[in-house]
Amino acid sequence: MAAILDIRDLVVHYSSDRETVRAVNGLSLSLERGKVLGLVGETGAGKTTTALSVLDMVQEPQGKIVSGTILFEGRDIRALRPEEMREVRGKEIAMIFQDPMTALNPLITVGEQIAETVRRHEGLPREDSERRAGEMLELVGIPASRSRDYPHQFSGGMKQRVVIAIALACNPKLLLADEPTTALDVTIQAQVLEMMSELIKKFGTSVVMITHDLGIVAENCDHVATMYAGEVVEYGTVDQVFGDPRHPYTIGLFGSLPNLDEESDRLTPIPGLMPDPTDLPAGCFFSPRCPRATERCQAERPSDSEEGGHRVKCHLFGGGKEEGR
Amino acid sequence: MLKYAARRVLMLVPVLLGVTFIVFSLMYLTPSDPAQIVLGSNATPAAYAQMRADMGLDRPFLAQYLHFLFGYKHPEFGYRGLAFGDLGRSYVTNRIVFELILSSFPNTVILAIGALALALAVGVPVGVISATRPYSTVDMAFTVLALLGASMPVFWFAMVLIYFFANRLGMLPAMANPSNALSLALPIVTLSMNSMAIIMRMTRSSMLEVMRQDYIRTARVKGLGERLVVRKHALRNALIPVITVAGLQFGHLLGGAVLTEKIFSYPGIGSIMVDAIYQKDTPQILGSVCFVAIIFTLVNLFVDIMYGLIDPRIKTAVQSGRKKAPGKELADALKRLFRK
Amino acid sequence: MRSSASSGSKPLRALARAGRNLGQFWRRFSRNKLATASLAVVLVFASVAALADAFFDYGFVTSNQLDNAFLKPLESGTVYEGEAELEHRYLLGADNYGRDILGRIVHGARVSMVIGFVTVAMALVSGGALGALAGYKGKAFDTIIMRATDILLSIPTILLSIAIVAALGNSFFNLLIAISASMVPGYIRIVRASIITVKDQEFVEAARCIGASDSRIVFKHILVNIASPLIVQSTLNVGSSILWASSLSFLGLGILPPKPEWGNMLSEAREFIQYAPHTLFAPGLAIVVTVLAYNLIGDGLRDALDPKLKR
Amino acid sequence: MSDPVPGGGPLLEVRDLKKYFDVPKGRLHAVDGLSFSIDAGKTLGMVGESGCGKSTTGRVLLRLHEPSSGSVRFDGVEVTGLPPDRLKELRSRMQMIFQDPYASINPRHTVATIIGEPLRIFRKVKGGAEHEAKVRELMETVGLAGRLYDAYPHELDGGRRQRIGIARALALEPRFIVCDEPVSSLDVSIQAQILNLLQDLQERFGLTYLFITHDLSVVKHISDDIAVMYLGQLIEKAPTRELFRKPLHPYTQALLSAIPVPKAGARKKRIILRSEISSPIDPKPGCRFAPRCEFARPECLESDPPLAEAAPGHFVACRRAADFE
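Chains as they are written, first to last, in the numbering used here: chain A, 154 to 478; chain B, 26 to 365; chain C, 54 to 364; chain D, 9 to 333.
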């Protein structure tokens, strides 16, 4: 199956006159049509920046895609003119943001916020676009009659449903979901995830699901990419990565999680802190925190090694063979 | 909504009591003698004492204040008191205070509306332009201009305008009166300068704030064009605090155009109040100040209601009787920032 | 390990820390060129005002030299000081009484600076205390103080000032009272609002949790966090106070001629606009430059003190 | 009761605690008739979703909010109604760690000032040298490097800030600490570091914790007993293992089933609750959960279900709990 999204060697910097934040550092990633890719990592790993790059929206405030290619259905996103890019946004690629409380315009009815997307991309007359807005609301489990209500009249979970309705209104081919349920309570999160996965299946949407919650990835994704300091350090199917995590960072993440099924007295956290993105370490970015780092790790940046689609960026796995596990 | 408005109007009562009390106390402290003013300097001591007694001036302070509120009987000066809507007669001209207010206030309204309209017409677009390219040369230039506007003494700016446009170029009259539209140009420009600067700065910072919001990002992600994003999604949100400020400005323009009116010899309520203070004309001062305070409060009320029409969050909040509406806090903050 | 880790004695370290903070603040402030230039302007004006007598004799700038009335800038005239006759060059010209305009501006600067700082200090202390009481204690205090503020705010400020001067009599001190009274409600509101915002923050709860008393919380926790907006507001207010004083003097309240004050200079100049416009421009520009400088400094301080930008 | 032995017997006993807030719309029942106790040296985990009153509970215990009614006995002393001087003394023995490591420490104070403040207030140590030594000792205890002594909070990351908050709480050598979501704003790897630290401290100083959180895996990891709250009321309380093995309340069941499990193919049968939490303002009598409960019967709406012991140590407030056994 052809990849719907293919990112190669993406580098994104945010620079001010004083310093340069190296948010994304040579990230490569691809997503097959109709699949769900989980992008996991901690704060500052560059997950959101990656998603915004796909929409060519990192320019605010001083962000810039330095190099790399982003192919969406084989088309180079970076070569598109701004008005062509606007055609893609919302119609072919949609994005959901983390905080439903602030993602909706407080002065515009939710119906209109859905309808304007439809009008923009499908040129429907007002009445039809409003009807479509009502349908979309029903689809996410909100009565169509509420399309005249304003965002503040909805609870957090309902708002996120509205946000999802906006994103899916033009039946996009690709959905970038940035922590879509992080701001919600567990039981509401379960409702929203359930509804989302049904809709994704129904529409056949390909999804990049950005999250820090490994549980959500395990239950909702086909593939996983673990990000650290602007790189994908491990990539594979959910079975591969969860069944046989290889990169020391991924292993560390699992060790940090309190486990619901097993009794354990102590967690085994990763020591140290995320590196400062304005001052990244030499060699492997993870080496200062890595329990298995060698001199080579501190000097030389590792490249990807692959085995059956399971990709790891670590010197321990160089040459396609495990060296020491 | 109606209940809310009614409650706000009722709140006027304690405010007015306070206002009259403060102004009355200040007038009481003023070293001047109303009896003297009424009688002139040639009165006999006996007539003078009689007049003091008639006017209640020999009574203690509180009794005098109550007189003022609830009236007193006097063959010539007797009146029913402020509480019954009677503002009395001027000591100096013996004219009915309310008549003088009614004849001058519309003149002030004309000036204030003109000034506010000009301030909005220039301030809002300039503020938006500044905000869409922050820290550019254009923005910096506008910023300095706005600060300059806020730093200029009104009376000096007026005199400079008069010097150039009236004296040197002879294009416009130096004195203004409401029957001559052309003569209003200079006072309107003078009066609007300060408000213009404030509205421009407010629009700019409010736009910048709104453009950072998540929902603007959402609108862009939908593929909307930048102009639509600014006009439909940003501007409406950004204008909410601007409207508050504009309303407050209007309130101040109605009550505080004192200097402008004096310089252009314009017969507005500001001139009347200043003259009254100079002449120690207590009924005239108290009457006009109370009138202005009522207008000021009503304008504020009107702004709050306008606000609700624009911001659905507040409409529901007001309807459900919540005391602290979201945005009220903001409005308060702005009030305190921009009172002049 | 502790002795080796601590570098130097305690007061020395505190000093170093203060220096570090000041340095950091200055770096941020000096990035704003306009604000830095304005600070220079204000400093120059302040030194000129302080040394006014060294430049111009007070008696000279307040005594009439009617022969020299309305001399244009740079023209010279003969002035009489007691018995002596001196040739004097009027750099900015002379006013309707033949007094040196530059000299009057320099001496007027002293008046304006004093008014600016004293009125702001008075308003800051009284308004700050009332606002703190209303914000921190709440309940009845809050209601009473805020109602009183509302009442004051519905009287047009300029009328209030005029009425205060009219009631108390025309003097310098009463002018100070009239001006600071007009700023007090502003301080009450800003202090109250900031305290209410800060009071609800978790670190204040944390302080209560470790047994901190009310006064400790107000002084050690809340005050340091509302200092920035107060500093900014006060800087801006020095500018508006100067503006305000000149307006009142213009109306003939407060400082009356022959004492030099920028506002009363303009009041006198008003009648001669047509005949001698130079008497109008110089004092007005003095006000504009001073007030603008304070406004620009306030703007610069706002950015430099904003903790959000600190990271 | 008056002389509890460390490690045995309740250190904290709460009886019928209520906290109401008067809001414009009516009376908000934040905490509504709460009773529980915590044995010395143990950890009680308190879970629930936003708005269930768990944070208010913690604050009422420390009298940061005054309770509306009810009793809190700490170490045999009635806490409610203590005069200010006694309250201050009490606060040296009861402390709190706050949720937000950014808001809970004064941004204008240095690390040393923040940690040293309780020592100053209680005049615990004399002299500058002794004070500094104590502060440095506390920093070492919580794993803060000594070079951060003069640092300002904004120079530090969330994990380190949280360590400052912990050191401040420890300064007075308390016996009991309310941990109000101490890790929910932290990344997983940092979260694990802090959880381990809290466990170490408990062991070392014999601390008793009330651990408030919305994260069930965290609470399972750290608690001996768990109390589940819903709309201001305690609906179930049991030893941790018991609760996870056999949740009795329909809400607890839904809550447990909603947690995504970070394991490949672990997707389990999920109970999706209908609608969202109802308003805590002037709630109607009857089971608060009934409107969302699929097992609700008419009698559930008649009066509040009492908290009854269904099994030894396992309490549940549900009329139908017996039917699920």
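In this text, a Cβ means the ideal position worked out from N, Cα and C, and glycines have one as well.
Unbroken beta strand (DSSP E) run spanning residue i, endpoints
i: Cys187/D; result: 184 to 188
i: Ser322/B; result: Looking at the sequence provided, one finds Thr at residue 322/B rather than Ser. Per DSSP, Thr322/B belongs to no beta strand (DSSP E); it is in the alpha helix (DSSP H), 307 to 335.
i: Phe219/D; result: 216 to 221
i: Leu42/D; result: 34 to 47
i: Val219/A; result: 216 to 225
i: Asn178/A; result: 173 to 185
Cutoff 8 Å: residue i Cβ touching any chain D Cβ
i: Glu372/A; result: yes
i: Ala216/C; result: no
i: Ala265/C; result: yes
i: Val271/C; result: no
First through last residue of the alpha helix (DSSP H) which encompasses residue i
i: Gly96/B; result: Looking at the DSSP string, Gly96/B is not in any alpha helix (DSSP H), and its letter there is neither H nor E.
i: Gln451/A; result: 448 to 452
i: Ser176/B; result: 162 to 176
i: Glu481/A; result: Any property of residue 481/A remains undetermined from this structure, which presents chain A solely from 154 to 478.
i: Arg226/B; result: 210 to 236
i: His468/A; result: That residue, His468/A, is in no alpha helix (DSSP H); it is neither H nor E in DSSP.
i: Pro126/D; result: 119 to 129
i: Thr118/B; result: No alpha helix (DSSP H) holds Thr118/B; DSSP gives it neither H nor E.
i: Lys200/A; result: 200 to 207
i: Ser165/C; result: 154 to 185
CB contact check: residue i to chain C, cutoff 8 Å
i: Asp108/D; result: yes
i: Pro171/D; result: Before going further, note that residue 171/D is Arg rather than Pro in the sequence given. By this cut-off, Arg171/D is not an interface position.
Same chain, Cβ closer than 7 Å to residue i, five either side skipped, listed in chain order
i: Pro352/D; result: Because residue 352/D is not part of the residues shown, which for chain D are 9 to 333, the question remains open.
i: His229/D; result: Leu203
Close Cβ partners of residue i (< 6 Å) along its chain, the five nearest in sequence each way excluded
i: Gly408/A; result: Thr421
CB contact check: residue i to chain B, cutoff 8 Å
i: Asp203/C; result: yes
i: Glu240/A; result: yes
i: Lys200/A; result: no
i: Pro372/C; result: For chain C, the structure presents residues 54 to 364; residue 372/C sits outside this window and is missing.
Residue i versus residue j: straight-line alpha-carbon distance, rounded
i: Phe226/C; j: Gly305/C; result: 15 Å
i: Asp338/A; j: Thr89/C; result: 50 Å
i: Lys360/B; j: Lys287/B; result: Below a pLDDT of 50, predicted positions are generally treated as unreliable, and Lys360/B, at 47, falls in that range; the measurement from the model is reported next regardless. Cα-Cα distance, rounded: 26 Å.
i: Ala187/C; j: Ile270/C; result: 15 Å
i: His139/D; j: His162/D; result: 24 Å
i: Val40/B; j: Val122/B; result: 21 Å
i: Gly135/C; j: Ile158/C; result: 23 Å
i: Gly197/A; j: Asn178/A; result: 12 Å
i: Arg73/C; j: Thr173/A; result: 24 Å
i: Arg84/C; j: Leu92/C; result: 13 Å
i: Arg454/A; j: Arg169/D; result: 32 Å
i: Ala329/D; j: His322/D; result: 11 Å
i: Ser286/D; j: Leu206/D; result: 34 Å
Same chain, Cβ closer than 8 Å to residue i, neighbours up to 5 away in sequence not counted
i: His274/C; result: Val251, Phe256, Val257, Ala260, Ala265
i: Ala137/B; result: Leu216, Phe275, Leu278, Leu279, Ala282
i: Asp331/A; result: Lys200, Thr201, Ala204, Met248, Ile249, Phe250, Gln251, Ile363
Cβ separation of residue i and residue j, assumed to be a contact under 8 Å, to the nearest whole Å
i: Phe78/C; j: Ala322/C; result: 41 Å between Cβ atoms; not a contact.
i: Pro430/A; j: Ala176/A; result: 6 Å
i: Pro438/C; j: Gly280/B; result: Examination of residue 438/C is not possible in this model, given that chain C is present from 54 through 364 alone.
i: Ala382/A; j: Phe438/A; result: 4 Å
i: Ala204/A; j: Val361/A; result: 6 Å
Cβ of residue i within 8 Å of any chain A Cβ
i: Asp239/B; result: yes
Review point. Along the stretch 86 to 105 of chain D, what residues have a CB closer than 7 Å to any CB found in chain F?
Key: Among the protein chains of the structure shown, namely A, B, C and D, there is no chain F.
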